[in-house]
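Numbering follows my numbering, with no gaps: position 12 of the sequence shown is 4.
Beta carbons are placed, not taken as given, at the ideal position from N, Cα and C, and that holds for glycine.
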Amino acid sequence: MRTRIVHEGVKHLEYEIRKIVEIGLQMETLGVDMRWENIGDPVAMGEKIEPWIAEIIHELVNQDKSWAYCPSKGVNETREFIASEVNKRGGAQVCADDILFFNGIADAVDKVYDLVHKDNRIIMASPSYPTHSSNEAKRGDYPRVYFRLDPRNNWQPDLEELENKVKYNPQIIGIGLVHPDNPTGMVYSKDALTEIVRIAREHNLFVICDEIYAHITFNGAPVLHLSTVIEDVPALSLRGISKEYPWPGSRCGWIEMLNRHKDPDFSEYCRALVNAKMMEVCSTTLPQMSIPLVMGNPLYPEHLKTRAAIFEKRAQETYDAFKDIPGVIVNRTSGAFYFSLVFKKGALTDKQTLPIKNTEVKSMVEKLVEGVPNDKRFVYYLMGAEGICVTPLCGFFTDLEGFRITYLQADDGIRRNTLSRIADAVKRYLGS
Ligand SMILES: Cc1ncc(COP(=O)(O)O)c(C=O)c1O
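Spelled out as structure tokens, the structure:
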């Protein structure tokens, strides 16, 4: 090429959750039977689709208009339905025009950061979900700006750090949240969320809140939408159906533009988001058409309640599996379906191993671990020795060492067996 094609920021496009799959697949070719505990797909992990939801989708397939393009912003009736659901919560009020559909939240996230001036920054949590942090970082070639979630305080945010970073970095123009959080399973307390909104208001920032897990809360944590605490601060809430119906293959999610007209810069930004969507014609039609029929169905609240109760039990089971192991920090989670274990400082070294019987896999792992972070080293050994694939915390842009698992496996026997094997491997690895 006459010049280099890509810009500097592309090196920030890292998605460990899927990158680790390539390593796992290689191990499978060498005879390892891998259990995939890295991907947050409830359907792939055996959750059965509710027959009444499947029936609604079947009926929509028979309607020709579900095969057509829809308006660029999204199906009108669906946007009206969502706007009225937002308004019923009693917080910030929106209209159908404030709802904008995408092909999944991941698609929305790409546009949301892409349209922010490259020298402006969105501060987000650490650990952080890579779809947000990589997209944020790739615009320019800047180090990430983050505030810490504290594993010793139930993963609640360090708000002093957040405010100080906002105060002393004038290029920060927004605060990015995932609530409930991936990878920690933490739910922001109402006080924390209100304080974040105050910081945003005082420093003239907007908030981005990924609420894909908003309706998966338990252990006494309420469903807490940003719209109910945001008051007059401009914000984007991101929602979708991937984790709720659940239907991740639908590629369907939307943005709720809150307080869109309260600030001219934010208003211009929202207009740019709409215009960018128009370039793509529209997002997937049929899944959008299903939303008022599924989410507006009298069976839906019960569906959400049943799932939350299931995840509550599994969160407890996961916490119990690790809580007594010396050298680790764990929390009983209250939202989403992820669990992150943190190794205490100094617990990991670059010498620890697990025995791997298969000699080819052993030598593969020995090569892989050269020069990698210590938590990734543990993960590679776990894959080679136990055939269990989890995601190292270093893939979530944090200096904490640890790993994330999901508790999505629907088969109780397999899930419990996997858990106890991971817990046992942690103990052996740490020599406890
Ligand atoms: C926090 C978060 N946001 C977004 C997504 C992707 O959502 P979608 O399927 O709507 O693109 C995920 C997937 O795991 C996620 O964990």
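*Under three-state DSSP, which class holds Met116?*
strand
*With a threshold of 7 Å, establish whether the CB of Thr277 neighbours any heavy atom of ligand 1.*
no
*Grab me the residues of Thr390's own chain with a C-beta within less than 6 Å of its C-beta, minus the 5 sequence neighbours each way, in chain order.*
Ser118, Pro119
*Taking the CB atoms as reference points, tell me whether Tyr121 and Asn174 lie closer together than 8 Å.*
yes
*Count the other C-beta atoms from every protein chain shown that fall within 10 angstroms of the C-beta of Gly66, then say buried if there are 16 or more, exposed otherwise.*
buried
*Tell whether a beta-carbon distance below 8 Å holds between Ser219 and Gly327.*
no
*Pairing CB atoms from the stretch 28 to 38 with CB atoms from the stretch 270 to 284, are three or more of them under 8 Å?*
no
*asked:* Following a CB-centred definition, is Ala307 positioned closer than 7 Å to any heavy atom of ligand 1?
replied: no
_When you compare the stretch 231 to 246 with the stretch 87 to 103, are there three or more beta-carbon pairs, one atom per stretch, that lie closer than 8 Å?_
yes
*Distance, Cα to Cα, Gly132 vs Trp44?*
46 Å
*Does the distance from the CB of Lys354 to the CB of Gly379 come in under 8 Å?*
no
*Which of helix, strand or coil does DSSP assign to Ala227?*
strand
*Between the stretch 193 to 209 and the stretch 354 to 364, are three or more C-beta pairs nearer than 8 Å?*
no
*Inside the stretch 91 to 166 only - beta strand (DSSP E) runs reaching at least 3 residues*: 91 to 94, 113 to 118, 138 to 142
*What is the DSSP secondary structure of Arg420, counted as helix, strand or coil?*
helix
*Between the C-alpha atoms of Met249 and Leu228, what's the straight-line distance to the nearest angstrom?*
5 Å
*Any chance you could list the beta strand (DSSP E) runs of at least 3 consecutive residues sitting entirely within the stretch 327 to 354, in chain order?*
330 to 335
*Would you please state the rounded distance, in angstroms, between the beta carbons of Val158 and Leu197? I believe it to be under 8 Å.*
7 Å
_Quick check: Thr410 and Arg27, are their CB atoms within less than 8 Å of each other?_
yes
*Compute the Euclidean distance between the alpha carbons of Glu20 and His195, then round it to the nearest angstrom.*
51 Å
*Kindly indicate which residue of His109, Met178, Glu203, Pro172 has the alpha-carbon position closest to the one of Gly166.*
His109
*Expressed to the nearest angstrom, what Euclidean distance is found between the alpha-carbon atoms of Ala88 and Val13?*
40 Å
*Can you list the residues near ligand 1, meaning Cβ strictly closer than 6 Å to any non-hydrogen atom, in the order they appear in the chain?*
Gly32, Gly96, Ile97, Ala98, Tyr121, Thr123, Val170, Asn174, Asp202, Ile204, Gly232, Ser234, Pro240, Gly245
*Let me know if Asp202 comes out buried or exposed under the rule of 16 or more other beta-carbons within 10 Å of its beta-carbon.*
buried
*In the stretch 41 to 85, which residue ranges form an unbroken beta strand (DSSP E) of at least 3 residues, counting only runs that do not cross its ends?*
none
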